[in-house]
Each structure stands twice: as structure tokens, then as C-alpha cells.
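J.:
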Amino acid sequence: MNRILFKKQLSDEVFQMRIEAPLIAQERRAGQFVIVQLNSHFGERIPLTIADADPVEGSITIIFQAVGRTTHLLAQKNVGDTVEHLVGPLGQPTHIEKFGRVICVGGGIGVAPLHPIAQAMKAAGNEVIIIMGARNKSLLILEDEMRKIADELIICTDDGSYGRKALVTAPLKEFCEADPKPALAVAIGPPVMMKFCAEATRPYGVHTMVSLNTIMVDGTGMCGGCRVTVGTETKFVCVDGPEFDGHLVDFDNMISRLKAYKPREDADHHRCHLEEEIKNKEKDER
Ligand code: FAD
Ligand code: FES
Ligand code: MG
């Protein structure tokens, strides 16, 4: 059992939690994730990036967006509650070295997994430029934390409610055209955003690393749920990734596989809301 030590709501749908996990806190490195199972009765296992860790407190930080049943149930938990199973650290750590100028691009909740990578890139002596994008101002997360790391921070919103009214690919392209050319781009966010970031850097030959958010079940390379095509090879995101060369990833195949359980997920989500409504009604009647 892993106790929740801290909880904060970062935006309408996004939550930050610090959870007791002393062994994971000691071992984890930037780019790695955990698989969370809330309890044995409701068995869905979901991967969440380790956004930060405190080996002294023995805790890890997760930042997640409540999108469906499991993430909504997790969001309902409070300090003192427990998460039954937390497995990790999983996946390959990010390859960190002094590259020179590194452009880190985060879209929506993708800013959470990007944060430890940007932090490690900066600590390795890189010039770190961060581009953060969201649909609107209220969905932006970790602005202060990213500002502390970045040599330059650019914020883009789709509706222009904050920062520049643009997609993240616009400033990314401008940096690719500038001198010095970036040595590396790291893009994390919705699959469509990562696909277009890879297309934006391709003509300039800027190596682009993406972190793939495929469906996962076991997280150990056994079930095949997270299978992706990278160049001519089949890879398993949970053990070979989650980071890959964005210029080689077959995003269209990945996007279509992500929709595999959509009708069931929607039905599950609907049931979850009904359960919540019934619970609230019972509370009101008491
Ligand atoms: P559902 O309604 O069941 O699903 C919503 C969508 O989430 C689906 O359409 C599908 O695209 C995806 N999804 C569903 N089940 C899974 C599953 N078992 N594994 C992976 N994706 C699934 N999200 C965050 O908010 N913060 C993070 O730090 C984060 N890190 C991730 C790291 C990795 C390596 C991966 C692969 C995913 C990460 N995700 C993260 C995505 C997160 O796992 C999904 O949002 C979550 O599983 C949705 O579950 P649900 O039951 O709430 O929603
Ligand atoms: Fe099962 Fe990767 S999650 S093989
Ligand atoms: Mg689900």
C-alpha cells in the first residue's frame, strides 16, 4: 500500500500527488514511469510518469489529467488514502548529455513528463529552451517550475488567452531556422502534436526525441499492448521506450491503436460518473 502524502489541483482536470514509494524514489531517473493499480477489485493498470522524486521523504510525484475512469477515481483520492499497487521505475531513462542547445516542447499534460527531462538537460550543462502549449491559459501547468529551468520560455495557446496565439510547431520551426541550430528537440504531448513536431524538425535534420503514450497493461514487455513501429522495427514502449526517434515513429498506426478500446472506455467513464452521482445523492439524503 502506498500512502498519498500531498495532493494539489493544478487546473480543472490536472492533479499533482506525492505518494509514498521509498524504493522507487531512490532508483528513478528522468524519463521513467510507474504503473498504478488503484485496488484489486478494479484492476485497470495505468502508466504515469514520475514527474519528480524525494529520496529523503521516500516519495514520488505524479501529475495526471483526469480523462477517464481510472484517472477520475485517482483524482477522488485524498491525503492519507492509499494506492494499492505502484510498480516501477519502468522504462528506459532519458539519454542525458551535454548536447548544446536543446529545445523542449510540451503540449498539455505532456509538460509533466517533460519537466524532469528539462531539469536533467539543464543540469548537464545544456542551453534549454522550453516551448509550452495548451488549448487555453487555464490548462497550462508548471509554468513557474519550467521558468526556473529555462534559458528561454515560450508559451503558446490555441486561443491566444496567454502567451503567443500559435501552435508549438511555429516557434519550434523558427528555432530550427536560427543560428545556432538546436542539437536536439524533445517533444512530449498528444500523439498528433508529437507527429507534427517531428515533421517540423525533419527538413532541418534536428534530431527529435518523443515520449510515446501508448496503451499499456503489464509494463514488462509481455502483453504486446504498447507495440509500435519505429523505422523497420517493432518496439515495445514499456521496455524499449518510452522515448524514440520521432522521425522514425509510425504515428498514424500508434494513433489508431490508441482508439482500440474507446467504446469500452467511454462506457466505463459514464458508469464512473453515474456512481459518483449516486454517492453524492446518498450523501445529500443523509
Ligand atoms: P480511459 O477513458 O480508459 O482512457 C483515455 C485514453 O487514455 C484512451 O483513449 C487511451 O488513449 C489512453 N489509455 C487508456 N488506458 C490506458 C492504459 N492502460 N495505458 C495507457 N494509456 C491508456 N497521463 C497523465 O495524465 N500524466 C502522465 O504523467 C502520464 N504519463 C504517461 C506515461 C506513459 C509511459 C504512458 C504510456 C502514458 C502516460 N499517461 C500519462 C497517459 C495515461 O496513462 C492515460 O491518460 C490513462 O491510462 C487513462 O486512463 P483512464 O482509465 O483514466 O481513461
Ligand atoms: Fe505489455 Fe508493454 S505494456 S508489452
Ligand atoms: Mg481506463
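Take 9 as the starting number for the sequence shown in our numbering and just add one per residue.
All residues carry an ideal CB built from backbone N, CA and C; glycine is no exception.
1) Using a threshold of 8 angstroms, state whether the C-beta atoms of A126 and I104 are closer than that.
2) Quick one: is S146 buried, meaning 16 or more other Cβ sit within 10 Å of its Cβ, or exposed?
3) Could you name the residues that DSSP lists as bridge partners for Q73?
4) Taking contact to mean at least 3 C-beta pairs separated by less than 8 angstroms, is the region 82–92 in contact with the region 217–226?
5) Comparing the CB of D226 with every heavy atom of the ligand MG, is any distance shorter than 7 angstroms?
6) Per DSSP, what are the beta-bridge partners of V95 in this structure?
7) Hey, how far is the Cα of A128 from the Cα of Q24?
8) Using C-beta distances below 6 angstroms, list every residue in its chain close to A61, excluding the 5 sequence neighbours before and after it, in chain order.
9) Counting only runs that start and end within the region 90–157, where is the beta strand (DSSP E) found for 3 or more residues in a row?
10) Sort N134, M140, F259 and M230 by Cα distance to P121 and report the nearest one.
11) For F204, is the beta carbon positioned less than 7 angstroms from some heavy atom of the ligand FAD?
12) With DSSP as the reference, label S264 as helix, strand or coil.
13) Let me make sure I understand the geometry here. Which of F107, M202, V214 and R235 has the alpha-carbon closest to that of A186?
14) If you measure from each CB to the nearest heavy atom of the ligand MG and keep those under 7 angstroms, what residues do you get, in chain order?
15) Span of the beta strand (DSSP E) holding I32?
16) Considering only the beta carbon of each residue, do I58 and V42 sit closer than 8 angstroms?
17) At what residues does the alpha helix (DSSP H) containing E251 begin and finish?
18) Pull up the distance between the alpha-carbon of V236 and that of T209, whole angstroms please.
19) Go ahead and label V245 buried or exposed: buried means 16 or more other beta carbons lie within 10 angstroms of its beta carbon, across all protein chains shown.
20) Name, in chain order, the residues that DSSP records as bridge partners for L192.
21) Take V238 and list the residues in its own chain whose beta-carbon comes closer than 6 angstroms to its own, dropping the five residues that flank it on each side.
22) Along the beta strand (DSSP E) that carries A178, what are the first and last residues, could you check?
23) When burial is assigned at 16 or more other CB atoms within 10 Å of the CB, is P183 buried or exposed?
24) Distance check for G227 and P55, CA to CA, integer angstroms please.
25) For my contact list, L296 and V44 are in at a C-beta cut-off of 8 angstroms; report their separation, rounded to the angstrom.
26) So V214 is in the beta strand (DSSP E); what residue range does that whole segment cover?
27) For P190, which residues from the same chain have a beta carbon less than 7 angstroms from its beta carbon, with the 5 sequence-adjacent residues on both sides left out?
28) When burial is assigned at 16 or more other CB atoms within 10 Å of the CB, is F72 buried or exposed?
29) May I ask you to report which of helix, strand or coil DSSP gives C246?
30) Helix or strand or just coil, what does DSSP make of V200?
31) What residues are listed by DSSP as bridge partners for I54?
T.: Looking at the atomic coordinates:
1) Reading the sequence shown from its first residue, position 118 is the one you call residue 126. Reading the sequence shown from its first residue, position 96 is the one you call residue 104. At a Cβ-Cβ threshold of 8 angstroms, A126 and I104 do not count as neighbours.
2) For the purposes of this step, residue 146 is identified with residue 138 of the sequence shown, where counting begins at 1. Classification for S146: exposed.
3) Sequence index remark: in the sequence shown, residue 73 carries index 65 (1-based). For Q73, DSSP records a beta bridge to V22.
4) Contact fails between the region 82–92 and the region 217–226, because fewer than three Cβ pairs, one in each stretch, are under 8 angstroms apart.
5) As a working note, residue 226 is residue 218 in the sequence shown. D226: no, Cβ never under 7 angstroms from the ligand MG.
6) The count along the sequence shown starts at 1 and reaches residue 95 at position 87. Its beta-bridge partners are I43.
7) Residue 128 sits at position 120 when you count from the first residue of the sequence shown. Residue 24 sits at position 16 when you count from the first residue of the sequence shown. Each residue's CA atom was taken as its position, placing A128 and Q24 some 20 angstroms apart.
8) Walking along the sequence shown from the start, residue 61 turns up at place 53. A33, R36 and I68, listed in sequence order.
9) Runs found: 93–98, 109–115 and 135–142.
10) By one-based count along the sequence shown, residue 121 stands at place 113. Checked all of N134, M140, F259 and M230; the closest Cα to P121 is M140.
11) For the purposes of this step, residue 204 is taken as the residue at position 196 of the sequence shown. Exclusion of F204 from the 7 angstroms shell around the ligand FAD follows from its C-beta lying no nearer than that to any non-hydrogen atom of the ligand.
12) What you label residue 264 is simply residue 256 of the sequence shown in a count that begins at 1. The three-state reading of DSSP puts S264 in helix, counting H, G and I together.
13) Position 178 of the sequence shown, counted from the first residue, corresponds to residue 186. Ranking the options by Cα distance to A186, first place goes to V214.
14) Counting only beta-carbon distances shorter than 7 angstroms to the non-hydrogen atoms of the ligand MG, the qualifying residues in chain order are E52, I54, G76, R77, T78, E273 and D276.
15) Numbered from 1 along the sequence shown, position 24 holds the residue referred to as residue 32. I32: not part of any beta strand (DSSP E); member of the alpha helix (DSSP H) spanning P30 to E35, first to last residue.
16) Your numbering for residue 58 matches position 50 in the sequence shown. Your numbering for residue 42 matches position 34 in the sequence shown. Less than 8 angstroms separates the beta-carbon of I58 from that of V42.
17) For the purposes of this step, residue 251 is identified with residue 243 of the sequence shown, where counting begins at 1. In the DSSP assignment, E251 falls outside any alpha helix (DSSP H) and lies within the beta strand (DSSP E) extending over E251 to D253.
18) As a position in the sequence shown, residue 236 is number 228, starting the count at 1. As a position in the sequence shown, residue 209 is number 201, starting the count at 1. Answer to the nearest angstrom: the Cα atoms are 21 angstroms apart.
19) Stepping through the sequence shown from its first residue, residue 245 is reached at position 237. Buried, since its Cβ has 16 or more Cβ neighbours within 10 Å.
20) Taking the sequence shown and counting its residues from 1, one reaches residue 192 at position 184. DSSP lists V110 as partners of L192.
21) Within the sequence shown, the letter at position 230 stands for residue 238. Closer than 6 angstroms at Cβ, skipping near neighbours: F252, L256 and V257.
22) Residue 178 sits at position 170 when you count from the first residue of the sequence shown. Element bounds for A178: not the beta strand (DSSP E) but the alpha helix (DSSP H), T177 to E185.
23) Here residue 183 refers to the residue found at position 175 of the sequence shown. The amino acid occupying residue 183 in the given sequence is Phe; Pro does not appear at that position. Flag for F183 reads buried.
24) Position 47 of the sequence shown, counting from 1, holds the residue named residue 55. Position 219 of the sequence shown, counting from 1, holds the residue named residue 227. When rounded, the distance between both Cα atoms is 8 angstroms.
25) Residue 296 falls outside the range modelled here, since the chain spans only 9 to 294, and no answer is possible.
26) Mapped onto the sequence shown, residue 214 falls at position 206. No beta strand (DSSP E) holds V214; DSSP gives it neither H nor E.
27) Translated into positions along the sequence shown, residue 190 becomes position 182. R109, V110, I111, F183, C184 and V214.
28) As a working mapping, residue 72 is identified with position 64 in the sequence shown. Here F72 is buried. Its C-beta has 16 or more other C-beta atoms within 10 Å.
29) Your numbering for residue 246 matches position 238 in the sequence shown. Three-state DSSP puts C246 in a helix.
30) In the sequence shown, the residue the question calls residue 200 occupies position 192. Three-state result, V200: helix.
31) As a working mapping, residue 54 is identified with position 46 in the sequence shown. I54 pairs with V44.
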